[in-house]
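A.B. asks: Before I ask anything, here is the structure I am working with.
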Amino acid sequence: MAVEPESIDLVQNAFETWWTSLGDDSLETRFSFETAIVEIAANVVEHSRRSDADHGRRFTLELSATDDRLTAVFHDNGMPSEIDLSAVSMADLEDEDGRGLALALLSLESLDYKHEDGRNVWTLVCRR
Numbered sequence: 203m204a205v206e207p208e209s210i211d212l213v214q215n216a217f218e219t220w221w222t223s224l225g226d227d228s229l230e231t232r233f234s235f236e237t238a239i240v241e242i243a244a245n246v247v248e249h250s251r252r253s254d255a256d257h258g259r260r261f262t263l264e265l266s267a268t269d270d271r272l273t274a275v276f277h278d279n280g281m282p283s284e285i286d287l288s289a290v291s292m293a294d295l296e297d298e299d300g301r302g303l304a305l306a307l308l309s310l311e312s313l314d315y316k317h318e319d320g321r322n323v324w325t326l327v328c329r330r
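Note that the numbering used here has the sequence shown beginning at 203, numbered continuously upward.
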């Protein structure tokens, strides 16, 4: 899908449909996983950039579940990120931005980022 502000709504709608299909009643798990997914989607929308402006930014989201884990994988065609996830911390209360990755990290068992084959890959894992 195209990377634009409306993409976040599409991600939330896709998550809603997927979550309903799971039949999982755990509100805590849902809130944690959905929060992390929306925060990473927002990061892709806000921060991903292309070196060739003639081509649009695009991303995909894959959602999967096992008996004990939920996994989301984002792929986007943006330039590599310089992010060091081990250095992420919560922003100060008076700051307007800077909470997304920290919230995602707090909500998940693991959050991984890598750049491979010309794509950014964000992998989110949440215990059920």
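The C-beta atom is built at its ideal place from N, Cα and C for all residues, glycine as well.
For F217 versus E248, is the C-beta distance shorter than 7 Å?
C.D. replies: Working through the sequence shown from its first residue, we reach residue 217 at position 15. Working through the sequence shown from its first residue, we reach residue 248 at position 46. It is not a contact, given that the beta carbons lie outside the stated cut-off.
A.B. asks: I need the boundaries of the beta strand (DSSP E) containing V275, first residue and last residue.
C.D. replies: Taking the sequence shown and counting its residues from 1, the one referred to as residue 275 is at position 73. Per DSSP, V275 belongs to the beta strand (DSSP E) from R271 to D278.
A.B. asks: In this structure, how does DSSP classify V205 when only helix, strand and coil are distinguished?
C.D. replies: Within the sequence shown, residue 205 is the residue found at index 3, counting from 1. In the structure shown, V205 sits in coil (DSSP, three-state: anything other than H, G, I, E or B).
A.B. asks: So for S266, helix, strand or coil by DSSP?
C.D. replies: Taking the first residue of the sequence shown as position 1, residue 266 is located at position 64. Three-state result, S266: strand.
A.B. asks: In or out: E206 buried (at least 16 other Cβ within 10 Å) or exposed?
C.D. replies: The count along the sequence shown starts at 1 and reaches residue 206 at position 4. When all chains shown are included, E206 counts as exposed.
A.B. asks: Let me make sure I understand the geometry here. Which of K316, E311 and R321 has the alpha-carbon closest to that of V327?
C.D. replies: Locating residue 327 in the sequence shown gives position 125, where the first residue counts as 1. Closest by alpha carbon: E311.
A.B. asks: Terminal residues of the continuous beta strand (DSSP E) containing L313?
C.D. replies: Translated into the one-based positions of the sequence shown, residue 313 becomes position 111. From DSSP, the beta strand (DSSP E) with L313 extends over S312 to E318.
A.B. asks: Note the first and the last residue of the continuous beta strand (DSSP E) segment covering R321.
C.D. replies: Within the sequence shown, numbered from 1, the residue matching residue 321 stands at position 119. Taken as a continuous stretch (DSSP letters only), the beta strand (DSSP E) holding R321 covers R321 to R329.
A.B. asks: To the nearest angstrom, report how far apart E208 and A243 are at their CA atoms.
C.D. replies: Here residue 208 is taken as the residue at index 6 of the sequence shown, counted from 1. Here residue 243 is taken as the residue at index 41 of the sequence shown, counted from 1. Taking the straight line joining both Cα atoms gives about 11 Å.
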